Each structure stands twice: as C-alpha cells, then as structure tokens.
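Asker:
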Amino acid sequence: MSYGTPENLEGIEAYYTHIRRGHPPTAEQLEDLRSRYEAIVGGVFPLRENTDKQVQALEERLNEKYPNIRFACYQGLKHAAPFIEDGVEKMVQDGVKEAVGIVLAPHYSVMSVGGYIKRAKEKAEELGLPISFVQSYHLHPALIEALTVRVEEALEKFGEGAKERVQVVFTAHSLPEKILEMKDPYPEQLLATSKAIAERVGLGRWQFGWQSAGQTGVPWLGPDILDVMKTIQEEGETKEVLVCPVGFVSDHLEVLYDLDIEAQKTARELGLHLERTRSLNTDPLYMEALSDSVYGKLEGK
Ligand code: FEC
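Heads up: the sequence shown begins at 78 in this note's numbering, then just goes up one per residue.
1) Below 8 Å, how does it come out for the stretch 209-219 and the stretch 261-275: are there three or more Cβ pairs, yes or no?
2) Given 7 Å as the limit, tell me if residue 267 has its C-beta closer than that to any heavy atom belonging to the ligand FEC.
3) Between 352, 351, 290 and 367, which has its C-alpha nearest residue 331's C-alpha?
4) Among residues of its own chain, excluding the 5 on either side of residue 253, which ones have a beta-carbon nearer than 6 Å to its beta-carbon?
5) With DSSP run on the structure shown, which of helix, strand or coil describes residue 208?
6) Looking at the strands, I want to know which residues DSSP matches up with residue 293.
7) Count the other CB atoms, across all protein chains shown, that sit within 10 Å of the CB of residue 100; report buried if there are 16 or more and exposed otherwise.
8) Find the nearest neighbour of residue 173 within the set 155, 318, 206 and 345, judged by alpha-carbon distance.
9) Could you check what DSSP says for residue 196 in three-state terms: helix, strand or coil?
10) Helix, strand or coil for residue 350, going by three-state DSSP, please let me know.
11) Residue 164 lies in the beta strand (DSSP E); which residues open and close that run?
12) Taking the alpha helix (DSSP H) that residue 128 belongs to, which residues open and close that run?
13) Given a threshold of 16 other Cβ atoms within 10 Å of its Cβ, counted over all protein chains shown, does residue 308 qualify as buried or as exposed?
14) Can you say whether residue 78 is buried or exposed, counting buried as having 16 or more other CB atoms within 10 angstroms of its CB?
15) Considering Cα atoms alone, identify which of 198, 337 and 329 is closest to residue 127.
16) Does the beta-carbon distance from residue 211 to residue 261 come in below 8 Å?
17) Using DSSP with H/G/I as helix, E/B as strand and the rest coil, what is residue 248?
18) Under a Cβ-count criterion, where at least 16 other Cβ atoms within 10 Å of its own Cβ denotes burial, should residue 327 be classed as buried or exposed?
19) Please go through the same chain and pick out, in chain order, the residues whose beta-carbon is closer than 8 Å to the beta-carbon of residue 373, but skip the five residues on each side of it.
20) Tell me the DSSP bridge mates of residue 83?
21) Kindly confirm or deny that the stretch 106-114 and the stretch 87-97 touch, where touching means at least three C-beta pairs closer than 8 Å.
What follows is the structure in structure tokens.
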C-alpha cells in the first residue's frame with residue numbers, strides 16, 4: 078500500500094478532496110498545490126511510476142527468494158486509484174488464498190499506516206480473505222544499511238571531515254500534535270531509525286526535524302525543517318546541512334518540492350550548504366527489508 082498521487086494535472090482536485098476526507102479545497106489551496114506539482118513535474122507524477130516499480134520489484138524479489146511459494150503483489154493506494162479496497166477486491170477475484178498487507182512507509186502511526194491497515198482489513202473481512210499485516214519495519218537491518226549508505230555517500234559531497242562537521246537532519250512527514258496524547262509510536266520509531274543510522278555512520282552532529290506539515294488550524298509536530306535550518310544558522314556552529322528524509326521511500330512531492338525546492342531556497346537565503354540523501358525507490362536493500370517483513374507474516378509457509 079502506498080500514498081497515491083494524481084494521474085495528471087486534471088486529477089489534482091479529486092485527489093486533494095480525498096486527502097481532505099471529502100471536503101473540496103478552496104480555489105486558492107488548489108492553485109497552491111497545482112503550482113507545487115507543476116514546479117516538480119511539468120505534467121508527470123513521479124510517485125505513480127515509482128510505486129509501480131517498487132511493487133514490481135517486491136514481487137520479483139519475493140518469488141526469487143522463496144521459490145516454493147507463488148507471490149503476486151497488488152497495489153492499493155490511500156488517496157488515488159487503484160484504492161486500497163480495489164487492490165483487496167482484485168486479490169479475491171484472482172483467487173488469492175492468503176494475503177499480507179504492507180505499507181511502503183516504514184514507520185507506524187495510527188494516522189498513517191494504521192489508516193491503511195484499517196481499510197484493507199475491513200475490505201478483506203467483508204470478502205472473506207485471510208490477511209495479516211506488517212505494522213512497521215523501521216529497524217530492519219537492510220533498511221538501516223540502505224539509509225546508512227545514502228548518508229555516507231551524501232556526506233562525501235561536503236569533502237574531508239564531513240562526518241564530524243556537517244549537521245545531519247533526519248526528517249519525516251509531520252502529523253497533528255494530538256498523536257502524542259494517543260501514545261502513538263511514530264515519533265519514537267522515527268528517532269530509533271535516525272539513531273541507528275547515526276551510530277552506524279558515526280555522526281558527530283545530528284538531530285530530528287519534521288517536514289511538510291499541513292495548514293489545518295491545529296498544531297502539528299515540530300520543529301519544522303525550515304525552522305531547524307534557521308536555528309542552525311543562528312547558532313553559527315556550522316553552515317553545512319544534510320537532510321535525510323527517513324520517513325519517505327520515494328521521490329515525490331514532499332521530497333522533490335518541500336526539500337529540493339522550498340528547503341533549498343531557505344538554505345540559500347540563510348547562506349547554508351544543503352544536500353539531501355537519495356531516495357530508496359527500488360534499492361535492492363529496501364526490497365530485502367520489504368520481502369523479509371512480508372515473509373515473516375505468512376501463516377502458510
Ligand atoms: O507526490 C505525491 O503526489 C504525493 C506526495 C505525498 C506523500 C505524503 C505522505 C504522507 N502524508 C502524510 C500525512 C498527511 C496529512 C495531511 C496530508 C496532506 C497532504 C497533501 C498532499 C500530500 N499530503 Fe500527505 N503526502 C503527500 C502529499 N498528508 C498533496 C495536501 C496538501 C498539503 O498539505 O500539501 C493533511 C490532511 C488534512 O488536510 O487533514 C495528515 C503522512 C505521510 C507519510 C506516510 C505515508 O506515505 O503514508 C503521515 C508521499
């Protein structure tokens with residue numbers, strides 16, 4: 078399961094309305110989102126192609142690794158077609174005997190992964206399909222390895238001694254602060270992933286920051302990456318920043334716009350040198366983390 082993205086520029090309004098639980102955006106909100114998509118894609122939506130490739134790569138990896146079982150991967154998207162319910166329905170139509178649900182995002186929150194699982198479970202129960210779920214895989218060794226490699230290679234762009242000098246900021250999508258009252262594991266899981274990578278690389282300076290918070294009139298988790306950069310500039314201990322978006326697994330709007338355009342603009346204004354780690358996309362180590370997590374949930378193996 079994955080977040081989903083519009084098929085084309087005309088599809089943005091329906092997509093945005095779905096994200097807003099059926100409430101259409103104002104003309105101004107719609108224009109703002111359209112202009113962000115136009116800035117990154119010029120009419121193509123990278124998340125769609127990336128998710129297709131990830132699903133294909135996972136199916137190939139599962140069948141290669143566990144040849145005694147026949148695996149077929151179905152896609153179910155949260156906010157676009159094919160929706161989560163469509164994916165479950167297709168499995169039943171195709172005669173699937175046992176299903177495992179996994180969300181491509183590694184960290185559990187009741188508001189993110191929990192929402193995907195709830196919808197898939199309800200549809201599977203309605204149709205009588207046995208299904209189990211991977212809740213999170215944020216500390217899977219292959220995931221940590223893939224992210225460690227990315228931090229190390231990005232640090233090379235800063236030259237000698239970068240490991241001690243550069244401020245590394247791990248980020249993820251912010252959520253409304255109310256998740257803290259619910260004892261949601263999301264912030265802790267994100268910190269655990271960040272800490273594991275920082276220790277593996279041997280980072281001298283690192284911290285966690287949030288990004289892409291919504292404008293909904295309620296407080297969202299902070300500090301935001303843009304404020305984090307302002308603080309780094311004010312403290313004056315370094316002018317070099319590497320952002321590693323551990324909560325995202327693909328190149329899409331929140332990475333290609335929020336980090337590569339918006340955060341880069343702020344960095345330039347603040348006189349900071351900002352780099353970002355490469356997205357996981359179909360990295361074989363990422364596929365290893367996914368396939369291993371799926372296999373671990375199979376009843377009939
Ligand atoms: O490239 C693309 O087309 C899609 C990029 C995209 C990803 C993504 C991931 C997450 N979101 C999460 C939570 C929220 C909450 C709201 C919210 C709103 C938006 C909007 C867009 C959008 N999100 Fe998203 N998210 C992506 C895109 N997201 C566009 C609407 C306009 C805006 O705010 O920019 C607020 C909903 C509301 O109004 O009530 C909450 C979380 C993730 C990471 C986990 C996951 O992938 O599921 C959490 C990718």
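Just so you know, even glycine gets a beta-carbon here, dropped at the ideal spot from N, CA and C.
On a predicted model such as this, the values are computed, not experimentally measured, just so you know.
Answerer: Taking the geometry as given:
1) yes
2) Stepping through the sequence shown from its first residue, residue 267 is reached at position 190. Result no, Cβ not under 7 Å from the ligand FEC.
3) As a working note, residue 331 is residue 254 in the sequence shown. Distance check between residue 331 and each of 352, 351, 290 and 367 places 290 closest, using alpha-carbon atoms only.
4) Locating residue 253 in the sequence shown gives position 176, where the first residue counts as 1. So the qualifying residues of the chain are 295 and 297.
5) Counted from its first residue, the sequence shown places residue 208 at position 131. The answer is strand: DSSP assigns residue 208 an E or B state.
6) Taking the sequence shown and counting its residues from 1, the one referred to as residue 293 is at position 216. Paired residue(s): none; residue 293 is not in a bridge.
7) Sequence index remark: in the sequence shown, residue 100 carries index 23 (1-based). With fewer than 16 other Cβ atoms within 10 Å, it is exposed.
8) Against the sequence shown, residue 173 aligns to sequence position 96. Looking at the Cα atoms, 206 is the closest of the given residues.
9) As a position in the sequence shown, residue 196 is number 119, starting the count at 1. It is helical.
10) As a working mapping, residue 350 is identified with position 273 in the sequence shown. The answer is strand: DSSP assigns residue 350 an E or B state.
11) Taking the first residue of the sequence shown as position 1, residue 164 is located at position 87. First-last for residue 164: 161-170, but that is the alpha helix (DSSP H), not the beta strand (DSSP E).
12) Within the sequence shown, the letter at position 51 stands for residue 128. Here the alpha helix (DSSP H) through residue 128 covers 123-142.
13) To locate residue 308, count along the sequence shown from 1; it is residue 231. By the neighbour-count rule (16 or more Cβ atoms within 10 Å), residue 308 is not buried but exposed.
14) The residue given as residue 78 occupies position 1 in the sequence shown. Its Cβ being crowded by 16 or more others within 10 Å, residue 78 is buried.
15) Here the question's residue 127 lines up with position 50 in the sequence shown. Scanning 198, 337 and 329 for the CA closest to the CA of residue 127 turns up 329.
16) Counting from 1 along the sequence shown, the entry for residue 211 is found at position 134. Counting from 1 along the sequence shown, the entry for residue 261 is found at position 184. Result no, Cβ atoms of residue 211 and residue 261 do not sit closer than 8 Å.
17) Counted from its first residue, the sequence shown places residue 248 at position 171. DSSP places residue 248 in strand when its eight states are reduced to three.
18) Position 250 of the sequence shown holds residue 327. Result: buried.
19) Within the sequence shown, numbered from 1, the residue matching residue 373 stands at position 296. If we look at residue 373 and ignore the five residues flanking it on each side, its Cβ neighbours are 211.
20) Within the sequence shown, the letter at position 6 stands for residue 83. According to DSSP, residue 83 bridges with nothing at all.
21) Enough Cβ pairs lie closer than 8 Å, so yes.
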